[in-house]
Each structure stands twice: as C-alpha cells, then as structure tokens.
Amino acid sequence: MAGPRRKKYTSGEGAQYVTRATAMRALQLSLKDFRRICILKGIYPREPRNRKKAQRGATGIKTLYNKKDIRFLRHEPVIWKFREQKTLGRKIGRAKALREFTEARHLMNKPVVIKLDHIVKERYPTFIDALRDMDDCLTLCHLFSTFPSIRHIPRDQSTLCRRLMLEFMQAIIHSKALRKVFISIKGYYFQVEIKGQLITWIMPHQFSFEPQTKEDVDFRIMSTFVQFYIVLLGFVNFRLYHVMNLHYPPRVRRVEETEGTDLVDKMALESERIAALNYPLISTSSSTVEEEETALDKFELDGNEASKMEKAYIEADKIQRLKTLFTGMKVFLNREVPREPLVFILRCFGAEVSWDKKLFVGATFEESDETITHQIVDRPQIESQYISRYYVQPQWVFDSVNARELLPVERYFIGAVLPPHLSPFVDDSRTEAYHPPEERELFGKNENENEEQDEVAANPPKIITNNDEAPKNSAAPVQKSVNDSDESSSEEEDEEVDLGPEALREKMKMKMIVTPGRIEEADPLEEKKKEREEYKLREKMVHKKHKALYKSMMKGRALRAKDVKVLKKKRQLIEQKKMLKS
1 MAGPRRKKYT SGEGAQYVTR ATAMRALQLS LKDFRRICIL KGIYPREPRN
51 RKKAQRGATG IKTLYNKKDI RFLRHEPVIW KFREQKTLGR KIGRAKALRE
101 FTEARHLMNK PVVIKLDHIV KERYPTFIDA LRDMDDCLTL CHLFSTFPSI
151 RHIPRDQSTL CRRLMLEFMQ AIIHSKALRK VFISIKGYYF QVEIKGQLIT
201 WIMPHQFSFE PQTKEDVDFR IMSTFVQFYI VLLGFVNFRL YHVMNLHYPP
251 RVRRVEETEG TDLVDKMALE SERIAALNYP LISTSSSTVE EEETALDKFE
301 LDGNEASKME KAYIEADKIQ RLKTLFTGMK VFLNREVPRE PLVFILRCFG
351 AEVSWDKKLF VGATFEESDE TITHQIVDRP QIESQYISRY YVQPQWVFDS
401 VNARELLPVE RYFIGAVLPP HLSPFVDDSR TEAYHPPEER ELFGKNENEN
451 EEQDEVAANP PKIITNNDEA PKNSAAPVQK SVNDSDESSS EEEDEEVDLG
501 PEALREKMKM KMIVTPGRIE EADPLEEKKK EREEYKLREK MVHKKHKALY
551 KSMMKGRALR AKDVKVLKKK RQLIEQKKML KS
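FYI, in full-length UniProt numbering the residues of the sequence shown are 1 to 582.
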C-alpha cells in the first residue's frame with residue numbers, strides 16, 4: 001500500500017523562498033518599512049536556481065527572499081519602533097487637524113528613538129569584520145557630509161556624517177595608515193591599511209550642491225543606509241581611538257590663542273580646529289608613547305616560502321619609509337588648491353602644512369615664512385616668488401605618494417605640462433591588460449630584467465660533447481676510424497703487449513682527446529612550431545566536461561588581446577598626429 005502523496009512545493013526550492021508580498025503580510029509592514037528593516041538587518045533578495053519552482057509555478061519575475069531570513073525578522077525589536085513611529089505620526093496629524101498646535105508641537109519634540117547598536121554587534125561580531133565592510137560606509141558618509149538640508153535628508157544626519165569622517169581622518173593621520181591616493185572625475189580615492197585590512201573610499205570634489213530636477217536617485221533609501229553606517233562608523237572610531245590611547249571625542253593640543261577668541265563659542269572653535277586636520281591629538285596617557293615598529297620574524301625557509309618572506313620584508317621596509325616620506329617639509333597651500341585632501345595626505349606622511357589664515361581656521365605659519373620648502377600652486381603664474389622654496393602643482397603630492405619616493409619637481413612646476421596621472425589601483429600580475437607607455441617607462445627596467453630571466457630559463461644553452469654527434473662545420477680534430485688497416489692495428493697490439501701496465505696507462509692517457517663544447521643556437525621558428533604542436537596536443541587532452549569552459553576562457557583571452565591591440569593602435573595614431581602638428 002502506497003504512502004500519502006506529498007503535496008507540491010512543500011520541499012525543495014518551492015519551500016525555501018517567499019515573495020516580497022508574502023513577507024510583508026507576515027511581518028505586517030508597509031513597503032517603506034519593509035525596505036528599511038531589510039537594509040538595517042542586511043537582508044537582500046535571492047536569485048534561485050530554478051525560478052519556476054521557487055515561485056511555485058507563477059509566471060513573471062518576482063522578488064524572492066529566503067524564508068529563514070523572514071522568520072529571523074519576526075523577532076526584531078526595531079519593527080515595534082516602526083509601529084510606534086506610525087502611531088506617533090497619526091497622533092500628530094490628528095492634532096494638526098483639530099488645530100491643537102501646542103499638542104502637535106509637544107508630540108513632535110518627543111520623537112521615537114531607534115537604537116541600532118545591537119544590529120551592528122550582530123552583523124559584525126569582531127572589529128576585523130567591521131573593517132572589511134567599511135568601503136561603502138566611508139564613501140556614503142563622505143558624500144552625505146557635503147549635502148545641505150534637503151528632503152529626506154535631515155541636517156543633523158549630514159552634520160553627524162561630517163563629524164565622524166573628520167574623526168576617522170584624524171585617526172588615520174595619527175597612525176600614518178594611508179597607502180595609496182588617486183584623483184579621478186568621481187573624486188579623490190584613498191586607501192588605508194588598518195589591522196591588515198585594506199579600506200578604499202572616495203572623497204567627492206568640493207563643488208556647490210545642485211538639487212536633483214528628477215527623482216532618479218532615491219534619497220530615502222540612501223538615508224536609511226547612512227542611518228546604519230553612522231552607528232557602524234561611530235563604533236569603529238571609538239575602537240581606533242581606544243587602541244591608540246587617544247581621547248574620544250578627539251581633543252587637540254593647546255595652541256596659541258588668537259585675538260578675538262573671547263567672542264567665539266569654545267566648542268565651535270574646538271570642532272573647527274579638529275576639522276582643520278592640522279593639530280596633533282591629545283593622548284590619554286601622561287607619557288607620550290611612541291608606536292613601536294613591528295619587526296618581522298626571520299625563519300629559515302626553502303623554496304617559494306623563502307621568496308614570499310623576502311617580498312614581505314621588502315614591502316614592510318617600503319611602508320616604513322613611506323610613513324616618513326614628507327618628514328621635514330613645510331608646505332604652504334594657495335587659496336585655489338583643495339585644502340582638505342592635501343592636508344590629509346601631507347599630514348599622514350609627516351609634513352607641516354599651513355594656508356591663508358583668512359581661508360580656514362588652523363593655519364600655523366604665514367606665506368612669508370622663509371623656512372617653507374614647498375608651496376602648492378594651481379595657477380599658470382604667480383606674481384611674487386621666493387627663491388628658497390619650490391612652487392609645484394598638486395599632482396606632485398599624489399604621484400610622490402604612489403611612487404613611494406619624492407619625485408623630481410621639475411615636471412610639476414607652475415605652468416608645466418603635467419605627466420599622466422597613473423592609477424595605483426591596478427594588479428601588478430596582470431599580463432593581458434594594456435600597459436600605457438608611461439607605465440612601461442616607469443617600470444621598464446624591472447620588466448626587461450624579468451623578460452631576460454624568463455628567456456634564459458625557457459631556452460637554456462645546449463652544450464655539445466664528444467658523446468653527441470659533431471656538426472659538419474666543426475673545428476674539432478678528426479679521430480681515427482674503426483675501419484683502419486689490419487696491419488696498423490696488429491702493430492699497435494704488439495706494442496701494447498710488450499709494454500708494462502704503467503707504460504700502457506700513460507699511453508692511453510696520451511690518446512684521450514678533450515674537445516671544447518659549442519653553444520648550439522636554437523632556431524626560433526622551429527621552437528615556435530614545436531611549441532604550437534605541443535599546445536595543440538595539450539588542448540586535445542582537455543576533458544569533454546571542461547571543454548565549454550576552456551573555449552569561453554580562450555574567447556575572453558582573444559577579446560582582451562584585441563582590446564589591447566586597438567588601444568595600442570589608437571595611441572600610435574594620436575602620437576602621429578602630435579608629431580605632424582609639431
């Protein structure tokens with residue numbers, strides 16, 4: 001007798017996923033609140049393997065979520081806060097409708113506070129986990145810090161983003177953790193290294209804000225992300241300052257009071273000094289504790305591990321030199337130069353920076369100071385110049401950091417045509433990508449050495465000895481043939497019989513001939529032909545199961561090679577046009 005028949009979609013993919021409408025009904029939330037809770041909890045739609053089974057035979061494409069994630073959301077206390085907010089909104093609306101403005105004002109001054117601390121601890125159990133997810137957090141917070149008060153973005157949120165970003169940048173300056181910088185049309189790229197984790201974010205250019213004419217960007221969704229990222233960045237900043245024995249919130253060291261500071265709000269002046277990024281921070285310990293350089297342990301290793309350790313030693317030495325790249329330099333920034341990114345970079349590597357005191361708070365020395373070594377200028381000419389300093393363009397700072405050495409200033413003088421600004425965010429091991437001539441010029445020496453080593457390793461010289469067949473045009477002495485006359489051989493045998501063993505040994509030594517070897521020059525055409533034949537044989541050995549993957553890989557490689565060829569051709573045409581014009 002057969003068992004009970006199983007119902008359809010009660011197991012497998014049909015039972016693993018639920019649609020968005022089903023999830024909203026289960027949680028009793030509106031679409032707006034459902035999106036908010038999914039963003040805060042880090043729950044996102046899933047793509048099933050078999051959409052027809054996952055949608056239980058329904059046609060069309062629906063947004064699907066994992067059923068376990070929706071069950072997990074049922075016990076979230078933030079959902080009750082959303083319901084309290086909705087209730088409060090109804091009360092305020094009713095009070096306004098009844099023209100009870102005092103009651104409405106009283107309700108508006110008691111907003112529902114949503115705490116996200118438990119969600120941050122839940123999503124990021126350790127500090128390293130939080131650092132791995134800081135890229136989007138820093139980029140979005142830096143973007144929102146430039147926004148004015150607009151719809152769906154309260155002014156308090158933008159102000160808090162600004163304060164947290166300045167605190168993070170102060171921590172990077174103190175720890176000298178900056179590694180790479182780059183300028184693009186999107187903004188300034190920065191990459192720092194904290195606890196072995198690389199964090200990259202974008203600082204937008206300082207342009208005036210232009211409101212959106214069309215609602216293509218949903219600021220409400222972005223504001224929800226920022227609401228979570230603010231809490232995350234606050235946790236990270238607190239931990240960084242605690243590890244480095246610094247006060248949090250940060251406090252700068254006492255500086256000389258300028259005239260008229262009695263009329264200024266002390267807290268506002270302190271926040272402006274922190275925003276200047278030009279003052280050292282106060283430590284919590286009474287004695288100044290300097291950072292100890294972490295020296296790598298040396299072990300006796302063999303093979304590839306030894307080479308990896310050697311590369312690690314070299315990289316650690318380069319980073320130590322990079323931290324003091326601008327030490328001993330006094331740099332003055334002109335008014336037209338972007339102050340914040342340049343101050344951040346220069347202070348990260350030990351330079352003293354100042355600017356016009358009328359421009360921003362925090363200037364430490366005047367332009368007339370004779371001890372200034374460099375002045376950053378971004379204009380075609382300047383009226384009065386000092387002989388004791390270099391006048392360079394801002395790109396010199398960025399290129400020097402990426403090269404990890406102070407580049408010659410001649411190519412970055414006022415009015416000079418700047419060299420191309422190469423991106424440091426490229427993979428050094430790429431072989432099929434396009435390498436511009438400037439990059440080959442910068443790294444040409446090392447590449448040529450590697451190519452020579454590869455050629456020697458691939459084509460080792462062949463030595464011909466006596467055991468090998470002698471070539472036709474060889475200059476070696478001709479040996480006696482085995483088919484000599486019988487008389488000469490019999491005479492030699494008789495002589496050998498008459499001689500004693502010692503004399504016979506000496507005579508055999510005299511007969512031995514050592515011919516010098518000769519380097520055989522390999523025919524390159526034959527070598528290439530042989531390599532192609534071997535390559536075709538290896539292709540035939542590919543299993544049928546992996547042949548489709550292999551073909552797609554070869555197709556992608558051919559397309560990349562074609563793109564490189566097109567770029568090289570374009571470069572040649574551009575250079576030819578320049579030569580004709582000149």
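For glycine and all other residues, C-beta sits at the position ideal for the given N, C-alpha and C. Computed from a predicted structure; not experimentally measured.
Own chain, CB closer than 6 Å to residue i, minus 5 neighbours either side, in chain order
| i | result |
| --- | --- |
| F147 | I153, S158 |
| T324 | G350 |
| P280 | R253 |
| K91 | L107 |
| K565 | none |
| S11 | none |
| F209 | P148 |
| S481 | Because the pLDDT at S481 is just 42, under 50, the model does not fix this residue reliably, and the value given afterwards should be weighed accordingly. The answer is none, since no qualifying residue turns up. |
Cut-off 7 Å between Cβ atoms - residues of its own chain near residue i, not counting five sequence neighbours on either side
| i | result |
| --- | --- |
| E84 | V112 |
| F225 | I39, L140 |
| L233 | C137, C141, L164, F168 |
| R56 | Y9, G14 |
| Y391 | Q375, V377, I382, Q385, F413, I414 |
| Q206 | P338 |
| T465 | Residue placement at T465 is poorly supported in this model, since its pLDDT is 39, which falls under 50; the coordinates are not used for a value here. |
| L88 | L107, V112 |
Contacting residues, own chain, Cβ-Cβ under 8 Å from residue i (five flanking each side not counted)
| i | result |
| --- | --- |
| residue 583 | With the chain running from 1 to 582 in the structure shown, residue 583 is simply not present. |
| D135 | I199, T200, W201 |
| Y535 | none |
| A273 | In the sequence as displayed, the identity of residue 273 is Arg instead of Ala. So the qualifying residues of the chain are V252, V255, Y279, V361, G362. |
Boundaries (first-last residue) of the alpha helix (DSSP H) holding residue i
| i | result |
| --- | --- |
| V397 | 395-403 |
| Q375 | Segment 374-376 is the beta strand (DSSP E) holding Q375; no alpha helix (DSSP H) there. |
| E575 | 547-581 |
Proximity below 8 Å, CB of residue i to CB of residue j
| i | j | result |
| --- | --- | --- |
| L240 | T284 | no |
| L418 | Q381 | no |
| I230 | L164 | yes |
| residue 597 | R389 | Because residue 597 is not part of the residues shown, which for the chain are 1 to 582, the question remains open. |
| V353 | I414 | no |
| P437 | Y188 | no |
| P424 | F182 | yes |
| C348 | K176 | yes |
| D356 | R335 | yes |
| L131 | I173 | no |
| I37 | L73 | yes |
| I70 | A26 | yes |
| I221 | R5 | no |
| F238 | R151 | no |
| L143 | A275 | no |
| T371 | M329 | no |
| E432 | R538 | no |
Residue nearest to residue i in terms of C-alpha spacing, selected from the options
| i | options | result |
| --- | --- | --- |
| K121 | E193, A97, K41 | K41 |
| E441 | D427, E432, P420, F425 | P420 |
| A561 | R571, Y434, L73 | Y434 |
| I282 | L346, V192, A171 | A171 |
| Q28 | C161, A416, F82, G93 | F82 |
| K358 | L333, K529, L346 | L333 |
| E410 | L504, Q393, F398 | Q393 |
Range of the contiguous beta strand (DSSP E) that encloses residue i
| i | result |
| --- | --- |
| A354 | Going by the sequence as given, residue 354 is Ser instead of Ala. Unbroken beta strand (DSSP E) run through S354: 352-355. |
| L333 | 330-333 |
| K81 | Here K81 belongs to no beta strand (DSSP E); instead the alpha helix (DSSP H) covers 78-97. |
| E270 | From DSSP, E270 is part of no beta strand (DSSP E) but of the alpha helix (DSSP H) over 266-276. |
| F144 | That residue, F144, is in no beta strand (DSSP E); its alpha helix (DSSP H) goes 135-144. |
| N66 | 64-66 |
| E193 | 188-194 |
| L198 | 197-203 |
| V181 | 178-183 |
| Y17 | 17-19 |
Residue i at chain C interface by Cβ criterion, 8 Å
| i | result |
| --- | --- |
| F34 | In summary, chain C is missing from the structure at hand, where a single protein chain is found. |
Exercise. Would the region 15-31 and the region 61-71 be scored as touching if the rule is three or more Cβ pairs under 8 Å?
Worked result: yes
For this session: Give a yes or no on contact between the region 194-210 and the region 310-319, applying the rule of three or more CB pairs nearer than 8 Å.
Result: no
For this session: Tell me, please, whether the region 356-373 touches the region 403-423 by the rule of three or more beta-carbon pairs shorter than 8 Å.
Result: no
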